[in-house]
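**Student:** Handing you a structure now.
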Amino acid sequence: MLVIAGLPLFFIELAVGQFASEGPITVWGMAPAFMGIGYAMIIISAVVSIYYNMIITYAIYYMLVSFVHLDVDLPWENCGQLWNTEKCRDESFPRLEELDRENATAALWREIYDRNCTELKFKQDTWDDPSQYPKWIEDFIAYANSSMSVDYYNTTQNITDDLEWETVRKFDGLKGCKIAWESPSEQYWSRYVLQVQDSEDLGDLGNVSLKLLFTLVLAWLLIFGCLMKGIKTSGKVVYFTATFPYVILVVLLVRGLTLEGYEDGIEFYVVPEWKKLKQAKIWGDAATQIFYSLGIGFGGLLTMASYNKFKNNCYRDAILVALINCGTSIFAGFAIFSLLGHMAYVTGQNVKDVATLGPGLAFVAYPDGISRLPASPVWAFLFFFMILTLGMDSQFAMMETVISGISDIFPRYLRKNKTTFTFICCVIGFLLGVPQCMDGGIRVLTLMNDYSGSYNLMVVALFEIICLCYVYGINEFRKDVEMMIGFMPGPYWIVNWFVITPAAVIFIIIISAIQYEVSGYDDQKFESWAEGIGWAMVGVPIFVMVLIMLIQICRLGLKESFSPSATWGPSQPEDRTGRYSPLHTEFDDTHALPYVVDGKQEPPPNYNGHASYDNPAAQKYMSERL
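Pasting the structure below:
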């Protein structure tokens, strides 16, 4: 997925942003009809940043808790806390496949599993008479849910003799059942941090958690402090936030490889399940992960690349960053799963049972594993500090996209008040994030996570390819790249941009839609009205993208809206060479900037990019035109 979709799209956004030196909205001067792509990017980044900063909030909270418990046990190490229930178990879970006639009783089965289990899934190849399966299952369930607590093997009078303990011991699992026991870290996360037990569904969010609300304020103040001066401040902070995680990952990996059971985690991580490659959902998840990890479709790449020098080797940057990103993910996997293997070993579970999805991996499974290490508060503090720095990098890019993008729409008012506008954006983000601090806030976060940056990202990417490769033209784009780096991208890029990448994106969109399942939290599907809100988050950016295309066509005409605007090209006069003659900046309000291509002067433009020139007259003119 990296080769056929991630890298080609990553390079497109880097190259376009650097070439035009403009933000996500005004960068589409090569075909003004596609300006809506920038608006869609801003909407997606704005929504994602709301819930993404909540994840940063969780990291800050856990980091602070770890710090104040440096001299004592972490609150998620043991049961017996006020928030724990009788289902909390800090001892090793029994390995069900190792239970035998001597140590397994009906009471143990009832304790391990919910009493509401209705079907037992056995290894059917051990029985000779399949017609007896329903009767055997019915009798065993009736027995397991009874009040008897004596040895199973000695109390099977009403169960056929063919249903022997050896058969029961080898079952694959209880279909539709969930292990009732919970680890201390799981109950700390769900019952103390989230307090989700006080919320039944999305329609019942409950009360606001003051501890999370206070931490959310800290998270947004931290983001504001790093963005208040724009790229000048965030660019310096990134030097630390981008490198520090590598130090922690190395330390965690070295420590993980010294623990018992680490090899089980590594084996689970590196041994693939080939049959899952047949599932379209796997490919859709892979594409979404690539888009998130590389930042494709969010607008952050365009925004950050616009600050590059025109002659910067974006070709080299695209390849190196993509490969380093992929390599870092693989390396981090070894660090994570080595500790998960140890956790599975000491708890008596399988690795697949401790490797949970979503926030549970970072705030349940890994804290549980860390709590079993010597000096666990120190390791916990370092781990959550790493999560914080990783989250801040992504949040910087998304918020800078929103702030710069909106500033490009209203440059006269917002550019000179960048700090104030940044503060306003952070306040709005905080207010919209308050529902996630409520008892049912994790459901809000899950809804936003599953819908806000999913299908719409791939549709945005598809529009980018159509604009650059089919409307503007691959060869024209390659010539623009040549102006910056001295050579044109080769056959690999041409084939991917023109055929493979758009085909792959379309295929993933279609298959993902066919196999769509309603999202939910903790085995509880969201209500239809909540699903509607989710699809609104998917559809609004796409609708805006199409709407602006129609507006541009009506405003400029069909031909002009799909042709390069008069000011398309490098923003700085010294870079406008060859195909792009310099723009004149001495003019009055009745004349547009002359634009010369290949010796021919074009008529006055109806569309102009944002004022990115170091010329007061040009800035004034562009502001009025926008």
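Take 430 as the starting number for the sequence shown in this note's numbering and just add one per residue. From the three backbone atoms N, C-alpha and C, an ideal C-beta is built for every residue, glycine too.
For Gln-624, which of Gly-820, Gly-870, Leu-443 has the nearest alpha-carbon?
**Tutor:** The residue with the shortest Cα to Cα distance from Gln-624 is Gly-870.
**Student:** What's the gap between the Cα of Val-831 and the Cα of Cys-508?
**Tutor:** Taking the straight line joining both Cα atoms gives about 44 Å.
**Student:** Using three-state DSSP, classify Tyr-950 as helix, strand or coil.
**Tutor:** Reduced to three states, the DSSP call for Tyr-950 is strand.
**Student:** Note down, in chain order, each residue of its chain lying with its Cβ closer than 7 Å to the Cβ of Gly-1056, except the 5 sequence neighbours on either side.
**Tutor:** Nothing about residue 1056 can be read from this structure; the chain reaches only from 430 to 1055.
**Student:** If we count Cβ pairs, one from each stretch, closer than 8 Å, do we get three or more for the stretch 752-769 versus the stretch 448-466?
**Tutor:** Cβ pair count under 8 Å is below three, so no.
**Student:** Rounded to the nearest angstrom, what separates Gln-806 and Val-494 at their Cα positions?
**Tutor:** The sequence given here has Pro at residue 806, not Gln. Cα to Cα, the separation comes out at about 9 Å.
**Student:** Expressed to the nearest angstrom, what Euclidean distance is found between the alpha-carbon atoms of Arg-984 and Met-887?
**Tutor:** Distance between the alpha carbons of Arg-984 and Met-887 is about 27 Å.
**Student:** For the stretch 648-660 and the stretch 506-520, state whether three or more C-beta atom pairs, one from each stretch, are separated by less than 8 Å.
**Tutor:** No, they do not touch.
**Student:** In three-state terms, what does DSSP make of Met-867?
**Tutor:** Residue state, collapsed to three classes: strand.
**Student:** Taking the alpha helix (DSSP H) that Met-733 falls in, what are its first and last residues?
**Tutor:** Met-733 -> alpha helix (DSSP H) spans 729-734.
**Student:** Measure the CB-CB distance between Val-637 and Val-873 and report whether it falls below 8 Å.
**Tutor:** No, these two residues do not count as a Cβ contact at 8 Å.
**Student:** Would you tell me roughly how many angstroms separate the C-alpha atoms of Gly-798 and His-771, rounded to the nearest one?
**Tutor:** Near 7 Å, if we compare the C-alpha coordinates of His-771 and Gly-798.
**Student:** Assign Tyr-921 to buried or exposed, taking buried as 16 or more other Cβ atoms, counted over all protein chains shown, within 10 Å of its Cβ.
**Tutor:** That one is exposed.
**Student:** Determine the burial state of Ala-965: buried for a count of at least 16 other Cβ atoms within 10 Å of its Cβ, exposed for fewer.
**Tutor:** Ala-965 is exposed by the Cβ-count criterion.
**Student:** State the DSSP-derived secondary structure class of Val-793, mapped to helix, strand or coil.
**Tutor:** The answer is helix: DSSP assigns Val-793 an H, G or I state.
**Student:** To the nearest angstrom, how far is the alpha carbon of Ile-857 from that of Ile-485?
**Tutor:** The alpha-carbon atoms of Ile-857 and Ile-485 are separated by roughly 17 Å.
**Student:** Sort Ser-957, Phe-673, Ala-773, Thr-818 by Cα distance to Glu-689 and report the nearest one.
**Tutor:** Cα-wise, what sits closest to Glu-689 is Ala-773.
**Student:** Using the rule of at least 16 other Cβ atoms within 10 Å of the residue's Cβ for burial, across every protein chain shown, is Val-676 buried or exposed?
**Tutor:** Under this definition Val-676 is an exposed residue.
**Student:** Closest to Val-969 by C-alpha separation, out of Gly-728, Asn-885, Gln-708, would be which residue?
**Tutor:** For the residues Gly-728, Asn-885, Gln-708, the minimum Cα distance to Val-969 belongs to Asn-885.
**Student:** Per DSSP, what kind of secondary structure is Glu-1003 in: helix, strand or coil?
**Tutor:** Three-state DSSP puts Glu-1003 in a helix.
**Student:** Near Leu-768, what residues of its chain come up, given a Cβ to Cβ distance below 6 Å and the 5 sequence neighbours on each side ignored?
**Tutor:** For Leu-768, where only same-chain residues beyond five positions count, the Cβ hits under 6 Å are Gly-685, Gly-798.
**Student:** According to the Cβ coordinates, are Leu-634 and Met-877 closer than 8 Å?
**Tutor:** Going by C-beta atoms, Leu-634 is not nearer than 8 Å to Met-877.
**Student:** Please confirm whether Ile-943 and Gly-713 have their CB atoms less than 8 Å apart.
**Tutor:** It is not a contact, given that the beta carbons lie outside the stated cut-off.
**Student:** Quick check on the DSSP output: what are the complete alpha helix (DSSP H) runs of length 4 or more inside the stretch 900-949, in order along the chain?
**Tutor:** Taking only runs of at least 4 residues, the alpha helix (DSSP H) segments lying wholly in the stretch 900-949 are 903-914, 920-924, 930-943.
**Student:** Check whether the stretch 437-456 and the stretch 731-750 touch, using three or more Cβ-Cβ pairs below 8 Å as the test.
**Tutor:** Cβ pair count under 8 Å is three or more, so yes.
**Student:** In the DSSP assignment, find the alpha helix (DSSP H) that holds Gln-626 and state where it starts and stops.
**Tutor:** Element bounds for Gln-626: n/a, residue is neither H nor E.
**Student:** What separation, rounded to the nearest whole angstrom, lies between the Cα atoms of Asp-782 and Tyr-795?
**Tutor:** Cα to Cα, Asp-782 sits roughly 13 Å from Tyr-795.
**Student:** Starting from the C-beta of Leu-431, find all residues in its chain whose C-beta is less than 7 Å away, skip the five residues before and the five after it, and write them out in chain order.
**Tutor:** The residues are Ile-719, Ala-751, Cys-755.
**Student:** Which of the three DSSP states is assigned to Cys-854 in this structure?
**Tutor:** Looking at Cys-854 - three-state DSSP - the assignment turns out to be helix.
**Student:** Let me know the secondary structure DSSP gives Pro-1034 once reduced to three states.
**Tutor:** Residue placement at Pro-1034 is poorly supported in this model, since its pLDDT is 39, which falls under 50; the coordinates still yield a value, given next. Pro-1034 falls in the coil class under three-state DSSP.
**Student:** Can at least three beta-carbon pairs, one atom from the stretch 812-825 and one from the stretch 896-910, be found at a separation below 8 Å?
**Tutor:** No: the two stretches stay apart, fewer than three of their Cβ pairs being nearer than 8 Å.
**Student:** Looking only at its chain, what residues have a beta carbon closer than 8 Å to the beta carbon of Ser-478, apart from the 5 residues adjacent to it on each side?
**Tutor:** So the qualifying residues of the chain are Gln-824, Met-827, Met-828, Val-831, Gly-858.
**Student:** Determine which residues share a DSSP beta bridge with Glu-611 and list them.
**Tutor:** For Glu-611, which the question treats as bridged, DSSP gives the partners Cys-517.
**Student:** With respect to the alpha helix (DSSP H) encompassing Thr-757, which residues constitute its N-terminal and C-terminal limits?
**Tutor:** Thr-757 -> alpha helix (DSSP H) spans 743-776.
**Student:** Could you have a look at Val-637 and say whether DSSP puts it in helix, strand or coil?
**Tutor:** Residue state, collapsed to three classes: strand.
**Student:** Starting from the C-beta of Gly-949, find all residues in its chain whose C-beta is less than 8 Å away, skip the five residues before and the five after it, and write them out in chain order.
**Tutor:** Hits under 8 Å: Thr-875, Phe-955.
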